[in-house]
Amino acid sequence: MTNTITYQNVHNLFKLNGFHLNRNDLCRVAYSFIKEGDEYEKSVGDFILDWFDNKSYLELNTSGTTGTPKIIRIEKQAMVNSAIATGDFFDLQPGDKALHCLPTKYIAGKMMFVRSFILGLDIDFVAPSSHPMLKNDTKYDFVAMVPIQAQNSLAVLNNVKKMIIGGAKMSNTLEKELSKLKTQVYETYGMTETITHIAAKQVGDVAFSVLPNIKIAKDDRNCLVIDAPKIAEESIVTNDLVELVGENQFVFLGRIDNVINSGGIKLIPEKIEEKLSSKIQSRFFVTGIHDADLGEKLVLVIEGEDQTLGDSIFDGLDKYEKPKEVFYVEKFIETENGKIKRKEIVEGI
């Protein structure tokens, strides 16, 4: 694709819920959504009108992945460039059938529309819910979901050729179930500042591979630095600890903000959670809480009712990785995407 594609373009093969729509048609649909639609349709209407207005940018709320949540300005042309990179990476073709089941108020939901306009996808747009493929046996070339949606759609996912999952970490159990399918399933890595994903890895792989025109490096904290000139003017410095594998791949280790300093020993919660994932059926996480002697002590927080855990669940953990205490929380606080809010949960313990 050439650089002449702009945000004003709507591919002539683009379809929304079975109808060919051009730019003017889309604006009429947007007005209808805003006036008469359900809440999720109103946010789509707002987005479409914002997309086709005279401004060259959109203002979006960040999730706080790279710092404090804030409103940032993203150029629409950068979103077009991101859509083209996704199309190239996943080999999406004009006319491919896609399912959009994400909330449009977030960047991931907005970008599914942008990909559709720019790449010429035939998109079915449904209400964002935890069961997005209920009573739907359509065959799709491309689908994007968050983990809870994928979990609840396992029975019909063989109707999907390629699928991306993002927004929150997948459980090991879900990964195993997805690996049994004939569907090509990818976990994505990205954030609002990178206009959704800049890297992806197939379920079962360890390292993420970056999309076209993305360069990666590490800073002196061993955190990922992303250089994406077609998407962001400046390098994006993340708080994600990584190992680089060659020029175009990296292994995600954990968030530097989550690192626990217990008696001078630095522990990465995500690595400990990986070791425990096959032994605890409920949702859980490990974190550090204040301790007079250690500074921070490592604790395990499990969702649900108090249960008897045998000491054997900690087999395979290093000496310093074994939690000093276990807490039970009836229901985890989470984001709309299903991301666990560790800090808020710990404050309530």
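Using this note's numbering, the first residue of the sequence shown is number 324, and each one after it goes up by one.
Beta carbons: idealized from backbone N, C-alpha and C, even for Gly.
- The beta carbon of I471 lies closer than 6 angstroms to those of S453, G661 in the same chain, with the five residues before and after it left out.
- Excluding residues up to 5 positions away in sequence, L497 lie with their Cβ nearer than 6 angstroms to the Cβ of Q474 in the same chain.
- V649 sits in a strand when the DSSP states are folded into three classes.
- Looking at the DSSP output, Y509 sits in a beta bridge with I487, Q525.
- Assignment of Q400 by DSSP, reduced to helix, strand and coil, places it in the helix class.
- Within the model, the alpha-carbon separation for A353 versus D464 is close to 26 angstroms.
- E648 sits away from L617, with the two beta carbons spaced by 9 angstroms or more.
- Nearest to I636 by C-alpha distance, out of A467, P417, E596, is E596.
- Taking A421 as reference, the option from E362, I591, D445 with the minimal CA-CA separation is D445.
- Put simply, the backbone Cα of S502 is about 16 angstroms away from that of K492.
- According to DSSP, residue pairing for D563 in a beta bridge involves R578.
- D528 and V574 have their alpha carbons spaced roughly 10 angstroms apart.
- C424 is bridged by DSSP to nothing; it lacks a bridge partner.
- Following the DSSP letters along the chain, one finds E359 inside the alpha helix (DSSP H) bounded by residues 346-359.
- For S502, no beta strand (DSSP E) segment is defined; the enclosing uninterrupted segment is the alpha helix (DSSP H) at 495-502.
- In this chain, the beta strand (DSSP E) harbouring K538 covers 538-541.
- L590 is classed as buried because its beta carbon has at least 16 other beta carbons within 10 Å across all chains shown.
- Bridge partners of T610 according to DSSP: V622.
- In the displayed model, I446 falls within a strand according to three-state DSSP.
- N571 and I357 have their C-alpha atoms spaced approximately 42 angstroms apart.
- When C-alpha distances from L480 are compared across K499, V508, G490, the shortest belongs to V508.
- A straight-line Cα-Cα distance of about 30 angstroms links H520 and I625.
- With a 10 Å radius around the Cβ and a threshold of 16 neighbouring Cβ atoms, L457 comes out exposed.
- Under the DSSP assignment, S532 falls in the beta strand (DSSP E) whose first and last residues are 531-533.
- No Cβ-Cβ contact shorter than 9 angstroms links L415 with K399.
- The segment 405-413 and the segment 336-355 do not touch, with fewer than 3 CB-CB distances between them shorter than 8 angstroms.
- Annotation for L640: I595, K598 place their beta carbon closer than 7 angstroms to its own, counting only its chain and skipping 5 residues before and after.
- By the CB criterion at 9 angstroms, I583 and G611 fall inside the cutoff.
- In this structure, DSSP gives I591 a state outside helix and strand, which the three-state scheme calls coil.
- Close CB contacts of I328 within its chain, under the 8 angstroms cut and outside five residues either way in sequence, are with V403, I407, I441 (chain order).
- Per DSSP, F370 is not a residue of any beta strand (DSSP E); the alpha helix (DSSP H) it occupies stretches across 362-374.
- Per the C-alpha coordinates, the member of N332, R396, F337 positioned closest to F375 is N332.
- Per DSSP, the unbroken alpha helix (DSSP H) holding N475 starts and ends at 470-475.
- Close CB contacts of P535 within its chain, under the 6 angstroms cut and outside five residues either way in sequence, are with A408, D411 (chain order).
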